[in-house]
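Structure first, then comments.
Protein chains in written order, with the working numbering: chain A, 50 to 410; chain B, 834 to 1104.
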């Protein structure tokens, strides 16, 4: 069969190698990178299955694996996914019965496979090697260009039907939905004016909306990738950008007084990076004639979680360090990158005679 | 502020493969913009031009004390226009889309001193020369950058990753825009480069650094960068804007004191 593949965008991860695809729910994100490493290096289905199961089955409620070789297609389905396999021998639905470990099937002469993970989206984005966020994956001959000969159920939906999914649901309730006709692919994306045949072999493809498609046939559109945002430090709540009431005041030996209602960056020539327009940090420049203070030396910001309501200070990897003296405690060096909660009366020493006293707001 | 003298140069080229130059740029000191449009003829070129027009409006009545707010407003106006433009086209041609990246550099006054405020949406880039070295300031809004950040791939793997052209933020996105801002002391930027990925996708950072270090005139430097990108294959529109801060004495108190002492010792003065 042709292994041309398509997908509908969704939450699931599709790790797509040359001959093997592993489909994982969003909760299994941690396994995706290792699997992609393997799939990309051309690992066989068994190697991928090994890696998938290395973390144990108990935490892996749902997955699907599709492997193609020259004449056979192997399918493993655990939990929610269902697969519809059309072959010269007819059409079958592969799904794990409740209570079983998984359903596995090897089929020869396959003409098309549709794996439904969530919803009944129309799979009209090309799926190429890589990692994608999907809800439905389809392999093989698109139903529209060459309907499977073996089964009437897989004949193409009427092209004029504006709502193929609704029609399907009404006609084939229950498990038959998986075997129902595939929806027509949507009209191809058009960029620019009609007749514009800009060859455009490179270029960006925003993934900010499902149907922003690429123009070079290589890249692919996907769902927004909120899950790929830089993960917060485990066990630490994400700090609020700006708090309505300052949690502390900073009295600088230079005479500056700065309220901690947002991030405060202190240094000889401080730089603020990657902030949004509404949370621009306070940037406090302090003199350092002997260059003892680093350009961006210290960060002080409102705490979150256990530190809510107080200011927390972090040395940003300064060359000469920061000393903090909290009332009733011995002075100590701040460890670079480790936040320390400040209590009123604390004094921070940055070097070159610059100190910051922490007071109530 | 604006006692700072800025020299600048800009250059753009359609490249060797594409028919339309969808990049646009603005040099209206102290406002500089590069935008890389997506969507083809009368799509991407219009979207990137809309960004430039909104920043032109900003430059006409610019108040450096309100820099961040004004830049955010200009982004919001550009976003609204591009979305409206897209909606109008989609009414006739379903599935039609236009969008654009943007990188912006403006001088602002923050806490009484002049600083660079930089902003980024998408995978166009802002670099600076600091202490004689090239440093990328902006962080791409792209799938591969997120994979790098999360430790899944290295920067080398990113350059050949299948999703290297997929960006996660852009003007024209119906999801809304979330530009990243950067605030840098003016003394920490010896030379600033704003460019589209038609430059960075074609030539290595080392070559960019070599050009920015060796070509003194910013106009020649911008030309040389774009020419190098086209010579390397020109697979995409390439645009570069180079800005030099002229006549800036870095850390005046420290340097002038040291220079004075050194001069006095050389002249055999106070010892």
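Glycine residues also receive a C-beta, built at the ideal position from the N, C-alpha and C atoms.
Remember, predicted model here, so these are calculated numbers, not experimental data.
Check                                                                                                                     : Outcome
Inter-residue Cα distance where the pair is residue 1024 of chain B and residue 839 of chain B                            : 10 Å
Where residue 141 of chain A falls: helix, strand or coil (DSSP)                                                          : strand
Distance between residue 1054 of chain B and residue 1040 of chain B (C-alpha atoms, nearest Å)                           : 12 Å
Residues from the region 163-186 of chain A in contact with chain B, defined by Cβ distance under 7 Å                     : 177, 178, 179
Contacts that residue 335 of chain A makes with chain B (C-beta to C-beta distance below 8 Å)                             : Near residue 335 of chain A there are no residues of chain B at all, since even the closest Cβ is about 11 Å away, more than 8 Å.
Pair within 8 Å by beta-carbon distance, residue 406 of chain A and residue 392 of chain A                                : no
DSSP three-state assignment for residue 76 of chain A, whether helix, strand or coil                                      : helix
Residue 117 of chain A beta carbon less than 8 Å from that of residue 7 of chain A                                        : Past the boundaries of the shown model lies residue 7 of chain A; chain A is included only from 50 to 410, so the question cannot be answered.
Chain B contacts made by the region 321-332 of chain A, where a contact means CB separation under 7 Å                     : 321, 322, 323, 324, 325, 326, 329, 332
Through-space distance from residue 321 of chain A to residue 1071 of chain B, alpha-carbon basis                         : 28 Å
8 Å Cβ cutoff, residue 995 of chain B in contact with chain A                                                             : yes
Span separating the alpha-carbon of residue 942 of chain B from that of residue 910 of chain B                            : 23 Å
Residue from A:120, A:173, A:297, A:92 whose Cα sits closest to the Cα of residue 357 of chain A                          : A:297
Amino acids of chain B, ordered along the chain, whose beta-carbon sits closer than 8 Å to that of residue 318 of chain A : 1018, 1020, 1021, 1084
Amino acids of chain B, ordered along the chain, whose beta-carbon sits closer than 7 Å to that of residue 82 of chain A  : 985
Residue from A:345, A:388, A:404 with nearest C-alpha to residue 355 of chain A                                           : A:388
Neighbour-count burial assignment, residue 930 of chain B, 16 or more Cβ in a 10 Å radius                                 : buried
The region 308-327 of chain A in contact with the region 852-868 of chain B per 3-pair CB rule at 8 Å                     : no
Bridge partner(s) assigned by DSSP for residue 895 of chain B                                                             : Bridge partners of residue 895 of chain B: none, in fact.
Bounding residues of the alpha helix (DSSP H) (the contiguous stretch that carries residue 1033 of chain B)               : 1030-1033
Between the CA atoms of residue 936 of chain B and residue 386 of chain A - distance to the nearest angstrom              : 29 Å
Run of the alpha helix (DSSP H) containing residue 387 of chain A, from where it starts to where it stops                 : Looking at the DSSP string, residue 387 of chain A is not in any alpha helix (DSSP H), and its letter there is neither H nor E.
8 Å contact criterion, which residue 885 of chain B and residue 858 of chain B should meet: CB distance rounded           : 7 Å
Simplified DSSP state of residue 901 of chain B, which is helix, strand or coil                                           : helix
Check: residue 101 of chain A C-beta below 7 Å from any heavy atom of the ligand FMN                                      : Because no ligand of any kind appears in the structure shown, any question about the ligand FMN cannot be addressed here.
CB of residue 411 of chain A within 8 Å of CB of residue 184 of chain A, strictly                                         : Absent from the structure is residue 411 of chain A, since the part of chain A shown begins at 50 and ends at 410.
Partners in chain B for residue 90 of chain A, counting only beta-carbon separations shorter than 7 Å                     : None at all; the shortest Cβ gap to chain B is about 12 Å.
Boundaries of the alpha helix (DSSP H) in which residue 1077 of chain B is found, first to last residue                   : From DSSP, residue 1077 of chain B is part of no alpha helix (DSSP H) but of the beta strand (DSSP E) over 1071-1079.
Stretch-stretch touch, CB-based, cutoff 8 Å, three pairs: the region 62-71 of chain A with the region 81-98 of chain A    : yes
Proximity below 8 Å, CB of residue 949 of chain B to CB of residue 860 of chain B                                         : no
Min CB distance residue 298 of chain A to chain B below 8 Å                                                               : no
Reference residue 864 of chain B; option with closest CA among B:843, B:913, B:938                                        : B:938
Exposure of residue 993 of chain B, with buried meaning 16 or more beta-carbon neighbours within 10 Å                     : exposed
Through-space distance from residue 1001 of chain B to residue 263 of chain A, alpha-carbon basis                         : For residue 263 of chain A, the pLDDT reaches just 38, beneath the cut-off of 50, and the residue's location in the model is therefore unreliable, although a value from the coordinates is still provided. So the alpha carbons of these two residues sit roughly 13 Å apart.
DSSP bridge partner residues for residue 1046 of chain B (one or two, in chain order)                                     : Paired residues: none, contrary to the question.
Below-8 Å beta-carbon distance, residue 901 of chain B vs any chain A residue                                             : yes
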